[in-house]
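Q: Residues in the sequence shown are numbered consecutively from 1, following the UniProt record's numbering.
The C-beta atom is built at its ideal place from N, Cα and C for all residues, glycine as well.
Here you go, one structure.
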Amino acid sequence: MKRKVEKQQATAPRSAVSAVAARRARQQQQQQQQQQQQQQNASTSTGIDKEPPAKKTRSSNTQEVLQANSSTQSQAETTTLKAGVQDRTANSSNVDTTSEALDEDEIIEEGVGIDDAGQDGEEFETPSQLPADIENFTLSRHRLSKKDVVYSDEDMLCVRIKEKTTLVLIGIYDIWVKRGVVSIMGAKLHPSPNIYRVYAPSTHSLPVIKCVSSVEGYAEIELQSCASNLDRLKEISPLYNRIWNTGETPGDRSTFKGSCKRSFSILYTSSDDPLKRPLRPLHLDKKWSSTIKSLSQRGHGLKALICGPKGAGKSTFGRYLLNHLLSPAPQTDKGPGYPDGVAYLDLDPGQPEFAPMGNIYLAHLREPFFGPPFSHSSLENSRHGTMIRCHHIGATSPKEDSDHYALATMNLLDQYRVLLATFPRCPLIINFPGWIFGLGLEVVTWLIRSMGLSDVIYMSEKGPDEVVEPLRYASSEANVTLTTLPSQPVDFVSRSSAQFRSMQMQSYFHAAQPNGLQNPFWSSAPLAYHKPVCVSYAGEKQGIRGIMVLGNRHDPAVLKDIIDGSVVSVVAIEDASAIDTLEHVEKEGKAMEEDDSVDMPDAKDSLESKRLKETLDTHVVRSQSTSLPYLFCGAGSCTPLNPKASRSLGLAVVRGINTRTHHIELVTPIPSTRIREALDLGHHLVLVRGMLDSPDWAISEEFHAARNAEQDFTSSLSLAKKQQRGEEKKAGLEADQAELLQRLRGRVKRASRAPWMSVLEDTGPRQSQEKFQQTEGIWKLRKKAYIGSDSEPEW
């Protein structure tokens with residue numbers, strides 16, 4: 001049978017494949033012949049076959065198509081393959097497989113890719129296994145020449161792009177449109193003084209800059225390097241390593257002759273990447289483009305719900321739709337304008353766009369955004385918009401507590417109605433998670449019937465019918481347009497979902513947005529070096545009124561071990577109805593109406609604040625050993641706080657708990673003004689511990705930082721020795737360098753064996769042994785106290 005396949009391959013028509021595929025097939029045949037010859041020699045010497053021939057490794061896409069062409073593949077598939085795989089000797093700029101139909105849409109750019117004619121949808125190959133020839137994608141449909149470059153230096157580039165041509169960059173850059181109109185990630189950018197920041201990492205498909213309207217045949221844009229420090233997170237996490245531009249590309253060398261140190265690089269094809277990563281342009285289906293155009297023409301009456309299975313491209317479609325709505329055409333054009341911004345209701349706690357995982361929220365957006373979620377993990381002081389209200393679900397899936405999820409969703413919808421009173425022309429975009437079966441389907445159909453939606457977008461044309469039919473029936477009842485779109489094809493996966501969540505959490509805790517700055521910046525210092533916020537949980541100046549643990553009830557004695565080193569949500573309780581019964585809720589609602597005239601400075605002393613404090617005290621049980629306030633509501637399992645009377649201010653990491661002084665150390669990016677504002681309104685703060693992933697990324701930050709510092713210093717020493725050959729060495733310099741290297745190695749050694757959860761001072765082995773015995777058999781992560789920290793020793 002094996003020889004028969006080889007004979008078919010040898011007689012296959014060569015016109016059906018490119019020279020590259022043919023050469024690869026011949027190489028495979030030669031390898032198979034060599035293996036057969038070796039097996040024959042072995043069988044001749046022994047007289048018997050000891051084992052059957054080894055199983056042949058799965059061939060590449062090109063080889064699979066070659067075999068299919070020899071038997072049953074149609075002429076149409078052969079033509080597609082010929083257009084997809086080009087001869088290596090041909091110029092890579094000529095590899096352009098985008099159909100002419102994609103050029104008809106001048107609003108949203110279309111990516112350029114190779115048709116997967118011979119790829120089996122049920123199989124998957126990692127980037128390291130994919131053949132290099134198949135990986136060569138055309139990214140930019142125009143190569144810059146000298147006449148296209150207006151001016152350039154080592155930090156800036158001003159170029160002219162011809163109409164309907166594209167340009168792709170990798171890295172971080174600011175874009176300024178000076179002439180013409182360009183589109184990027186769904187947004188149309190017109191000439192204006194506005195400068196937009198773009199984050200284009202290799203973890204996602206690269207955004208495409210396309211000229212959609214020209215002046216004298218071209219658009220002129222200026223690309224500027226920027227120092228956002230987001231790329232420096234690679235010093236504390238390997239997940240951020242090798243995702244930005246590295247080294248010069250042919251596009252960089254053609255636009256600047258000197259040494260280029262830009263934060264971005266021009267890519268014509270994926271083979272131009274010095275790291276040979278599997279880069280792809282951001283490709284949109286034609287139906288996606290036409291749907292975005294039709295939705296944007298509905299004006300302020302647009303209320304669209306985006307739903308579908310997991311991995312279908314819901315977030316990508318919503319991101320493009322938001323950018324298109326947030327970048328309206330000038331008033332001189334006929335396009336609709338959105339002066340009141342766009343409301344974005346994100347109901348996906350697993351992969352939120354503008355918040356860390358475990359949260360659902362309502363945001364009011366005013367400007368387009370260009371980048372993956374970890375480039376805008378928070379809206380604090382952001383130019384893009386504001387966070388109207390946020391609720392902590394405490395899990396990455398709404399399945400854990402569907403009732404609480406439904407209540408939080410209803411409250412966010414009420415907040416949107418309140419927002420309409422101030423911004424009556426504000427459309428609404430709802431992003432629903434991939435929870436489309438069972439109770440999730442009931443929630444979706446309830447939203448369709450009760451929200452007064454204008455459109456429902458289902459991101460799959462393959463059903464299943466048990467989901468599509470109820471959606472169609474509910475849409476028909478509510479007189480809502482249901483549109484089904486094809487799912488976004490996934491060519492490669494560079495990070496898992498858990499890794500993306502870790503990247504977004506790490507970005508959230510290291511980001512800062514001071515007032516007066518248009519763009520955020522990130523700190524590359526490990527979280528263990530961030531100064532914590534010390535909050536009292538007992539006494540007269542108690543800042544934390546309670547600690548709630550979602551799920552089953554726990555013994556208050558182990559509360560310290562449950563929250564120490566975990567990620568918690570800082571929740572502001574607005575009134576007693578957050579934890580009280582329905583009967584008391586009605587009374588408290590009347591009391592709130594009576595107290596509406598109370599001034600803000602006196603809110604903390606108001607009657608409502610006292611009632612809230614009394615209600616919390618009745619539900620709090622304190623541990624005898626730690627005095628931690630354990631807040632528990634319900635029977636059996638803990639009932640979450642009522643979303644109508646509570647909201648999440650953000651997340652924090654519990655760095656340490658001092659049971660002697662009754663203080664909790666929190667590392668949080670929440671601005672102090674937000675906390676002070678909540679306290680001034682008479683709200684009380686509680687910590688909510690959900691079922692989020694443990695912060696492993698925070699535990700390993702010190703180790704990665706220490707190891708990278710050692711490697712950088714070692715590399716600098718090697719470079720200095722090469723440059724100082726033949727020169728006299730300064731006395732004492734080598735001793736200082738050796739001492740510094742020894743310290744760096746000692747730091748790596750300590751970081752590798754001393755995690756950072758609880759602080760341990762070097763007080764001797766006996767006391768350390770006594771402290772270890774006090775853990776009551778529960779394994780804990782610890783860290784050494786560093787010099788200059790405000791951390792307290794173990795108590």
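In this structure, how does DSSP classify His530 when only helix, strand and coil are distinguished?
A: Three-state result, His530: coil.
Q: So does the stretch 526–537 actually touch the stretch 657–672, counting three or more Cβ pairs closer than 8 Å?
A: Yes: the two stretches touch, three or more of their Cβ pairs being nearer than 8 Å.
Q: What residue ranges within the stretch 290–370 form continuous beta strand (DSSP E) runs of no fewer than 3 residues, ordered along the chain?
A: Entirely contained in the stretch 290–370, the beta strand (DSSP E) runs reaching 3 residues are, in chain order, 303–307, 342–346 and 359–365.
Q: Taking the beta carbon of Lys188 as the centre, do at least 16 other beta carbons fall within 10 Å, making it buried, or is it exposed?
A: Buried, because 16 or more other Cβ atoms sit within 10 Å of the Cβ of Lys188.
Q: Counting C-beta neighbours from all protein chains within 10 Å, is the total for Ala706 16 or more, i.e. buried, or is it exposed?
A: Burial call: buried.
Q: Under DSSP, the alpha helix (DSSP H) around Val748 begins and ends at which residues?
A: Where Val748 is concerned, the enclosing alpha helix (DSSP H) stretches over Leu733 to Arg753.
Q: Taking the alpha carbon of Thr316 as the point to measure from, which residue in Val533, Ser225 and Gly371 has its own alpha carbon closest?
A: With distances taken between Cα atoms, Thr316 lies closest to Gly371.
Q: Based on DSSP bridge pairs, tell me the residues matched to Thr409.
A: None, per the DSSP bridge assignment.
Q: Does the separation of the CB atoms of Ala363 and Gly385 fall below 7 Å?
A: Cβ atoms of Ala363 and Gly385: closer than 7 Å.
Q: Between His683 and Tyr199, what straight-line distance do the alpha-carbon atoms span, to the nearest angstrom?
A: Their Cα atoms are separated by approximately 38 Å.
Q: Are at least three pairs of beta-carbons, each pair with one atom in the stretch 287–303 and one in the stretch 220–233, less than 8 Å apart?
A: Taking 8 Å as the limit for Cβ pairs, the verdict is that the stretch 220–233 does not touch the stretch 287–303.
Q: Given Thr639, which residues of its chain have a CB within under 7 Å of its CB, disregarding the five upstream and five downstream residues?
A: Cβ within range, chain order: Cys633.
Q: If Phe713 and Leu685 are in contact, beta carbons under 8 Å, what's the gap, nearest whole angstrom?
A: At roughly 43 Å, the Cβ-Cβ gap does not stay under 8 Å, so Phe713 and Leu685 are not in contact.
Q: Which residue marks the beginning of the alpha helix (DSSP H) containing Asp564, and which one marks its end?
A: Segment: none, Asp564 is in no alpha helix (DSSP H) and carries neither H nor E.
Q: Can you tell me whether DSSP reads Ser569 as helix, strand or coil?
A: Three-state result, Ser569: strand.
Q: May I ask you to list the residues that DSSP assigns as paired with Gly650?
A: Gly650 is bridged to Val570.
Q: Helix or strand or just coil, what does DSSP make of Leu169?
A: Strand at Leu169.
Q: If you reduce the DSSP assignment to three classes, tell me which class His404 lands in.
A: Of the three classes helix, strand and coil, the one that applies to His404 here is helix, per DSSP.
Q: So, does the stretch 171–189 touch the stretch 303–310, judging by three or more C-beta pairs under 8 Å?
A: No, because fewer than three Cβ pairs between the stretch 171–189 and the stretch 303–310 fall closer than 8 Å, the two stretches do not touch.
Q: Could you check which residue in Ile457, Phe703 and Arg647 has the C-alpha nearest to that of Ile236?
A: Out of Ile457, Phe703 and Arg647, Phe703 has the C-alpha closest to the C-alpha of Ile236.
Q: Do Asn194 and Asn381 have their C-beta atoms within less than 7 Å of each other?
A: Not a contact, by the Cβ cut-off of 7 Å.
Q: By how many angstroms is the C-alpha of Ser450 removed from the C-alpha of Glu263?
A: In the sequence as presented, Glu is not what sits at residue 263; that position holds Ser. Straight-line Cα distance between these residues: approximately 48 Å.
Q: Between Met505 and Trp244, which are expected to be in contact by the criterion C-beta below 8 Å, what is the C-beta distance as a whole number of angstroms?
A: Contact flag wrong, Cβ pair sits at about 20 Å.
Q: Please state the DSSP three-state secondary structure of Asn658.
A: Reduced to three states, the DSSP call for Asn658 is strand.
Q: How is the alpha helix (DSSP H) around Lys162 delimited, first residue to last?
A: Looking at the DSSP string, Lys162 is not in any alpha helix (DSSP H); the run it does join, the beta strand (DSSP E), is Met156 to Lys162.
Q: Just confirm the distance between the C-beta atoms of Leu139 and Pro281, as a whole number of angstroms; I'd bet it's less than 8 Å.
A: That pair is a contact at about 5 Å.
Q: Tell me whether Lys613 sits in a helix, a strand or coil according to DSSP, three-state version.
A: Residue state, collapsed to three classes: helix.
Q: Going along the chain, which residues of its own chain have a beta-carbon closer than 7 Å to the beta-carbon of Lys210, five neighbours each way excluded?
A: Closer than 7 Å at the Cβ level, and outside the excluded window around Lys210, lie Glu109, Thr166, Val182 and Ser183.
Q: Excluding the five sequence neighbours on either side, which residues of its own chain have a C-beta within less than 7 Å of the C-beta of Lys234, listed in chain order?
A: Only Tyr240 and Asn241 meet the Cβ criterion.
Q: For the structure I just gave you, are there three or more beta carbon pairs, one from the stretch 411–423 and one from the stretch 319–327, closer than 8 Å?
A: Verdict: no, contact absent.
Q: Is the CB-CB distance between Gly358 and Leu692 below 7 Å?
A: Cβ distance < 7 Å, so Gly358 and Leu692 count as in contact.
Q: With DSSP run on the structure shown, which of helix, strand or coil describes Met387?
A: If DSSP states are grouped into helix, strand and coil, Met387 belongs with the strands.
Q: Buried or exposed for Asp333, going by 16 or more other Cβ atoms inside 10 Å?
A: In this predicted model, Asp333 has a pLDDT of only 49, less than 50, meaning its place in the structure is not dependable; the value taken from the coordinates is given anyway. That one is exposed.
Q: Ordered along the chain, which non-local residues of its own chain (more than five positions away) have a Cβ less than 6 Å from that of Val571?
A: Within the same chain, Val571 has close Cβ partners Ser646, Ser648, Val686 and Val688.
Q: Of the residues Gly350, Arg655 and His376, which one's Cα is nearest the Cα of Arg501?
A: Taking only the C-alpha atoms, the option nearest Arg501 is Gly350.
Q: For Ala474, count the other beta carbons within 10 Å of its own beta carbon; 16 or more makes it buried, fewer makes it exposed. Which is it?
A: Buried is the call here.
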